Amino acid sequence: MNTKYEAKEAEPKWQKFWLENEIYKYQIDSEKPTYSIDTPPPTVSGKIHVGHIFSYTQAEVIARFKRMQGFNVFYPFGFDDNGLPTERLVEKEINRKASEMPRKEFIETCLNITEKYRQEFKGLWQSIGISADWSLEYSTISDYSRKISQKSFLELYKKGFLVKKNAPALWDIEVKTSVAQAEIEDKEFDSFFHDIKFTIENGDDLIIATTRPELLPACTAVFVNPEDSRYTHLIGKKVTTPLGKTVTIMSDEKVSIEKGSGAVMCCTYGDETDLYWVKTYKLEETIIITPDGKIKNSPIEEMNGLYVNKARVLIVEKLKEMGALINSKAIVHSVKVYERTGRPIEIIPVSQWFIKTLEMKDKLLENADKINWYPEYMKKRYVEWVENLKWDWCISRQRFFGVSVPAWYSKKTGEIILPDESELPIDPVFDKPKNLPEGHTIEDIEPDLDVLDTWATSSITPQINAHWGEEHPLAKKLIPMDLRPQAHDIIRTWALYTIIKSELHFNDIPWKNTMISGHVLFKKGEKISKSKAQKMMTPEEMIDKFSADAVRFWACRASLGKDIQLEENEIKNGLKLVTKLWNAVSFAFMNLTDYDVKTKVNFEDLESSDKWILLRIQETAKKMEENLNKFEFGSAMSEFEKYFWHDFCDFYLEMVKDRIYKPEKYENGQNKKLSAQYALYVSLNSIIKLIAPYLPHITEELYQKYYKDDEKIISVHLTKFPVDIIPAQENTENIFSGITKVIEIIEAVRKFKTDNKIRLGEEIEKVIIKSSASELEIIKPFQDDIQGVSRTRSVVFEPAENFELDFEAIVV
RNA sequence: GGGCGUAUAGCUCAGUUGGUAGAGCUCCUGCCUUACAAGCAGGCGGUCACAGGUUCGAGUCCUGUUGCGCCCACCA
446 MNTKYEAKEA EPKWQKFWLE NEIYKYQIDS EKPTYSIDTP PPTVSGKIHV GHIFSYTQAE
506 VIARFKRMQG FNVFYPFGFD DNGLPTERLV EKEINRKASE MPRKEFIETC LNITEKYRQE
566 FKGLWQSIGI SADWSLEYST ISDYSRKISQ KSFLELYKKG FLVKKNAPAL WDIEVKTSVA
626 QAEIEDKEFD SFFHDIKFTI ENGDDLIIAT TRPELLPACT AVFVNPEDSR YTHLIGKKVT
686 TPLGKTVTIM SDEKVSIEKG SGAVMCCTYG DETDLYWVKT YKLEETIIIT PDGKIKNSPI
746 EEMNGLYVNK ARVLIVEKLK EMGALINSKA IVHSVKVYER TGRPIEIIPV SQWFIKTLEM
806 KDKLLENADK INWYPEYMKK RYVEWVENLK WDWCISRQRF FGVSVPAWYS KKTGEIILPD
866 ESELPIDPVF DKPKNLPEGH TIEDIEPDLD VLDTWATSSI TPQINAHWGE EHPLAKKLIP
926 MDLRPQAHDI IRTWALYTII KSELHFNDIP WKNTMISGHV LFKKGEKISK SKAQKMMTPE
986 EMIDKFSADA VRFWACRASL GKDIQLEENE IKNGLKLVTK LWNAVSFAFM NLTDYDVKTK
1046 VNFEDLESSD KWILLRIQET AKKMEENLNK FEFGSAMSEF EKYFWHDFCD FYLEMVKDRI
1106 YKPEKYENGQ NKKLSAQYAL YVSLNSIIKL IAPYLPHITE ELYQKYYKDD EKIISVHLTK
1166 FPVDIIPAQE NTENIFSGIT KVIEIIEAVR KFKTDNKIRL GEEIEKVIIK SSASELEIIK
1226 PFQDDIQGVS RTRSVVFEPA ENFELDFEAI VV
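Just so you know, the first sequence maps onto residues 446 to 1257 in this note's numbering.
This is how it looks when you write it as structure tokens:
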């Protein structure tokens, strides 16, 4: 009896073995073609959850497959450990705000804390069997990444794609930084639609409707629709707000006639429409919101210094008192908020660095067509987003822990002073420029205090991987990279920004293929929120309970791009498959103790069932390869399961047992036994290799135990993905139509026994197969195995018009 | 409001180019058959969301409707 497979011991053992023997190391000098994967660097912002395991495993299976296809796989692993998410993690952990401590101290704290998390993350990735080359590990806050990121900044500036401008920007008042369009999402809020009375120059009232009465001091015009007959005669007239400010009534198509009163105040700035009007009609700007989110410059003195929300309540009271508030209607409306804080976004003019993306939209769309998207429909999300872009990419953030904007300014002239590339990386707060402008001393220089958007760095992962700008052998091999795996929620950020940077630096696409994975949902249609995440199993618990191979199995059940729910049952099925593999292989090898692995049998000389099982695995391997080449890991895996579990275990093993146990029962039995042994040895070898990308631990265990001595390859993961298992065969129709009938016969025998309460192992007297002469000829080669699996004393063939079966039990 | 995806057994899903509806789980009945009870054998269970159309033939192709999910727009 064979021992049990203990995943808990085997998995860490092999993980250690792979690391120690550098099984997944990229061979820089290899002749083999490179296959490079632009692995997503996970954000170091807390815990890894099942969603990470899900999408990384899917990509990882492809890495293993490509390696077995003969590629020299470049599979690095990085960590995105700077930026706001990390800052917030650190602030929470030390229970202090970044703004409350010296910049240098905060940055050092961040570095220490992220280092701890990086190690934790790394351990978890290794425990799921990620086959990354850890010698290629990078972190986006390292000196090296900062250097590349600042180099990108300098180059884009020199090329004129990067500009600093004082312009209205999307602004979050809680973390006090500008943000990018991609970081904005919608959120529903309870609010009021207020009707406020303005006074037209002729003394008549004009009612305008607004949800943001606190912006009244910033009103710079009133707009009506040019088609709105109620107001056409007023266009061009002056109107006075309840606060005494006089503005002009103007017309624009963007005003909805039905909404509110049809007259709207334009404030600097309430929303993007205001921005558009100010720009289009060159209106005056009155800024009343500070970067802290407080009101300034209001003629109502009590408002000044209040937060926007408080000021809104106050001004409503004031307007009521003044008799200017006609009506307030409670509504629910959606407001743009910053994704990280959930707070409504303000539009505030600040000096920011922008990458000019709006002018390159066409190019961005063109490049999308040069990339293969898997699944194809994900390209639409990208295209739609690009087409609707309204803002240039603002890359400066008024934060602390990140890659510094590598720039200083002259206090005298305001001119921008940039470092030389050789000085990078720099932090302009601590470093001083080497070359000062004429007539300047160090005292005349002030640093840019901003850091770069994290995406500004993570969008150059191909450049970071390729040692861009260095005399490095990787530089030529990696650009463009072969594959970008990522989830669909970051198409508009990571995918887009990477495509932008690649275009601006290289006039090229960053990678040839992108495979987009889905999300793990809490329930159907419910995202995993923070509160829900606490109710779910952690990856560690999943691995502990079911094994890494089983969890990987679950992750590969999904179709590419599709969201799934966490199904414990599916992980259990993975565990079952692992056990089944162990049992089947162990069993087979119990019957191979007297088989010399050097013994080969020509395909023509094999028994029919043995030919069939080899033809079937050949077919399965081809299908798996086709699917994996399209990144359809799920279909490939179910091909395997069908073959292994159904054909190999349920039928083939049962068919050959008797032939192996009791060869003396059959004519020329020893040869027939050898035929089965050979077929077992060959097909199990392929079985192990075909499923190795999915279940790397159990397959390594089995390979090492049974095949390594023969093949002399250090790890199953360095063997070839088996696609040429047997020589090409012709005229295999008879084998396949024969086995179809044989399976039908076996099923009928089993049913006969079950129906008649005969145990399957019990003998019966006779199996009678009636059919046409030609069909009988096709079935006859399987006679021994039919007899064996049926446990029948005899198999009788009778000519007949139609296929029919008869059975005789033993009469006692 | 626009786009994309999706609707198949009680549950989770597969169904490649149109050709007799599949798997796993659940449930029921047998079986510790000399690999495996985390197993084996057998069974119950489906108007393939709805309505039209093309076709000898539609789960599959076309049109429309509805439900669900996602992305985007709207945000005065």
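Here a beta-carbon is modelled for each residue, glycine too, at the ideal position from N, C-alpha and C.
Predicted model, so just to flag it, every value in this text is computed and none were measured.
Asked: Closer than 8 Å is the cut-off here; do at least three beta carbon pairs connect the stretch 769-778 with the stretch 634-641?; Found: yes
Asked: Is aspartate 617 near valine 624, with beta carbons less than 7 Å apart?; Found: yes
Asked: Going by beta-carbon coordinates alone, are valine 996 and isoleucine 988 separated by less than 7 Å?; Found: yes
Asked: Determine the DSSP secondary structure at valine 1023, reduced to helix, strand or coil.; Found: helix
Asked: Applying the criterion that 16 or more other CB atoms from any shown protein chain within 10 Å of the CB defines a buried residue, is tyrosine 450 buried or exposed?; Found: buried
Asked: Around the C-beta of methionine 446, are 16 or more other C-beta atoms found within 10 angstroms, so that it is buried, or is it exposed?; Found: Note that methionine 446 scores a pLDDT of 44, beneath 50, so its modelled location is shaky; the value from the coordinates is reported in the next line. Exposed, since its Cβ has fewer than 16 Cβ neighbours within 10 Å.
Asked: Between isoleucine 760 and the rest of its own chain, which residues show a CB-CB distance below 7 Å, the 5 nearest in sequence each way excluded?; Found: Pro658, Glu659, Leu661, Ile745, Met748
Asked: Just mark alanine 911 as buried or exposed, buried being the case when its beta carbon has 16 or more other beta carbons within 10 Å.; Found: buried
Asked: Along the chain, where does the alpha helix (DSSP H) containing arginine 509 start, and where does it finish?; Found: 495-513
Asked: So the beta strand (DSSP E) cysteine 555 belongs to, where does it begin and stop?; Found: Taken as a continuous stretch (DSSP letters only), cysteine 555 belongs to no beta strand (DSSP E), being part of the alpha helix (DSSP H) at 548-572.
Asked: Taking the Cβ atom as the reference point for each residue, do histidine 1212 and valine 1240 lie within a distance shorter than 7 Å?; Found: Reading off the sequence shown, one finds valine at residue 1212, where the question assumed histidine. Taking 7 Å as the Cβ cut-off, valine 1212 and valine 1240 qualify as a contacting pair.
Asked: How is the beta strand (DSSP E) around leucine 1140 delimited, first residue to last?; Found: No beta strand (DSSP E) contains leucine 1140, which DSSP labels as neither H nor E.
Asked: Under three-state DSSP, which class holds threonine 799?; Found: The question names threonine, but residue 799 is phenylalanine in the sequence shown. Of the three classes helix, strand and coil, the one that applies to phenylalanine 799 here is strand, per DSSP.
Asked: On the premise that threonine 685 lies in contact with phenylalanine 643, defined as a C-beta separation below 8 Å, what is that separation, rounded to the nearest angstrom?; Found: 6 Å
Asked: If contact is defined by three or more beta carbon pairs under 8 Å, each pair taking one atom from either stretch, is the stretch 799-808 in contact with the stretch 601-614?; Found: yes
Asked: Express the C-alpha separation of isoleucine 954 and leucine 919 in angstroms, rounding to a whole number.; Found: 17 Å
Asked: Would you kindly work out how many angstroms separate the C-alpha atoms of valine 848 and arginine 548, rounded to a whole number?; Found: 13 Å
Asked: For aspartate 989, name the three-state secondary structure that DSSP assigns.; Found: helix
Asked: Output yes or no for whether 7 Å exceeds the beta carbon distance between proline 870 and arginine 591.; Found: yes
Asked: Where are the alpha helix (DSSP H) runs, 4 residues long or more, that stay fully inside the stretch 571-649, in chain order?; Found: 588-604
Asked: Buried or exposed: lysine 1118, going by 16 or more other Cβ atoms within 10 Å of its Cβ?; Found: buried
Asked: Contact between the stretch 644-655 and the stretch 690-708 is defined here as three or more beta-carbon pairs at a separation below 8 Å; is this criterion met?; Found: yes
Asked: Let's see if you can read the secondary structure: which residues bound the alpha helix (DSSP H) around glutamine 460?; Found: 452-465
Asked: In three-state DSSP terms, what is glycine 1183?; Found: helix
Asked: From the DSSP output, read off the bridge partner residues of tyrosine 752.; Found: Lys739
Asked: Expressed to the nearest angstrom, what Euclidean distance is found between the alpha-carbon atoms of asparagine 1014 and serine 1080?; Found: 19 Å
Asked: Per DSSP, valine 667 is paired with what?; Found: Ile694, Met710
Asked: Go through its chain and collect everything with a Cβ distance to proline 1138's Cβ below 6 Å, but skip five positions before and after it.; Found: Val506, Arg509, Phe510
Asked: Taking contact to mean at least 3 C-beta pairs separated by less than 8 Å, is the stretch 1107-1117 in contact with the stretch 1057-1065?; Found: no
Asked: Once you ignore the five residues that flank proline 1172 on each side, which residues in its own chain have a CB closer than 8 Å to its CB?; Found: Phe1048
Asked: So, for glutamine 595: in the same chain, excluding its five sequence neighbours on each side, which residues have a beta-carbon less than 6 Å away from its beta-carbon?; Found: Pro851, Leu869, Pro870
Asked: Secondary structure at aspartate 1050, three-state DSSP: helix, strand or coil?; Found: helix
Asked: Can you name, in chain order, every residue of its own chain whose Cβ lies under 8 Å from the Cβ of isoleucine 973, other than the five neighbours on each side?; Found: His494, Val495, Gly496, His964, Val965, Leu966, Phe967, Met981
Asked: With respect to the alpha helix (DSSP H) encompassing histidine 778, which residues constitute its N-terminal and C-terminal limits?; Found: Not the alpha helix (DSSP H): histidine 778 falls in the beta strand (DSSP E), residues 770-783.
Asked: In terms of DSSP beta bridges, what is methionine 1069 paired with?; Found: Per DSSP, none; premise fails for methionine 1069.
Asked: Which whole-angstrom value is the C-beta distance of threonine 1258 and serine 903, which I expect to be below 8 Å?; Found: With the chain running from 446 to 1257 in the structure shown, residue 1258 is simply not present.
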